[in-house]
């Protein structure tokens, strides 16, 4: 495995992600920000943050697979949420859990959560991008 996830003793241990990833692979995979589109470009879960998070993560999984990678190879995730407030965290976590169940693996790479004013179209509430490292 090209990625080793670490939680240093002096940093908080979180259920959703690890604080550090150490990459030893030789090939980088950059996945563009994925929004809640299905294969036909139709928005999934309009107005439903959990459903859109789920679709975004599934789309990232699809993109990773096309490059010969999985979430186990992800070194870093960036999550952009429109009009983020902390009360939206349960919906975000629900969407990640649902995606993990569908994918059969739990995304646990270090992640940055950013609140943004808007995304590409008003229907999109979240966008997820990934960087992976594979041997």
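Numbering (the working numbering), first residue to last: 1 to 135. Ideal placement from N, C-alpha and C gives every residue a C-beta, glycine not left out.
Is there at least one Cβ from chain C nearer than 7 angstroms to residue i's Cβ?
i: residue 8; result: Here chain C cannot be found, since the structure has a single protein chain.
Quick check on residue i: buried or exposed, where buried means 16 or more other Cβ atoms within 10 Å of its Cβ?
i: residue 7; result: exposed
i: residue 24; result: exposed
i: residue 41; result: exposed
i: residue 36; result: buried
How far does the alpha helix (DSSP H) with residue i in it extend, from its first residue to its last?
i: residue 127; result: Looking at the DSSP string, residue 127 is not in any alpha helix (DSSP H); the run it does join, the beta strand (DSSP E), is 126-134.
i: residue 62; result: 49-66
Which class does residue i belong to by DSSP, given the choice of helix, strand or coil?
i: residue 111; result: strand
i: residue 101; result: helix
i: residue 93; result: helix
i: residue 118; result: coil
Which residues in the same chain as residue i place their Cβ atom closer than 7 angstroms to its Cβ, once the five residues preceding and following it in sequence are excluded?
i: residue 118; result: 82
i: residue 26; result: 135
How would you write the range of the beta strand (DSSP E) that residue i sits in, first residue to last?
i: residue 18; result: No beta strand (DSSP E) holds residue 18; DSSP gives it neither H nor E.
i: residue 88; result: Counting along the chain, residue 88 falls outside any beta strand (DSSP E), and DSSP gives it neither H nor E.
i: residue 33; result: 27-34
i: residue 6; result: 3-6
Below 6 angstroms CB to CB, which residues in the same chain sit around residue i once its five sequence neighbours on both sides are set aside?
i: residue 74; result: 109, 130, 132
Got a sec? Which residues, its chain only, sit under 8 angstroms from residue i by beta carbon, not counting five neighbours each side?
i: residue 64; result: 29, 31, 70, 71, 73, 74, 130, 132
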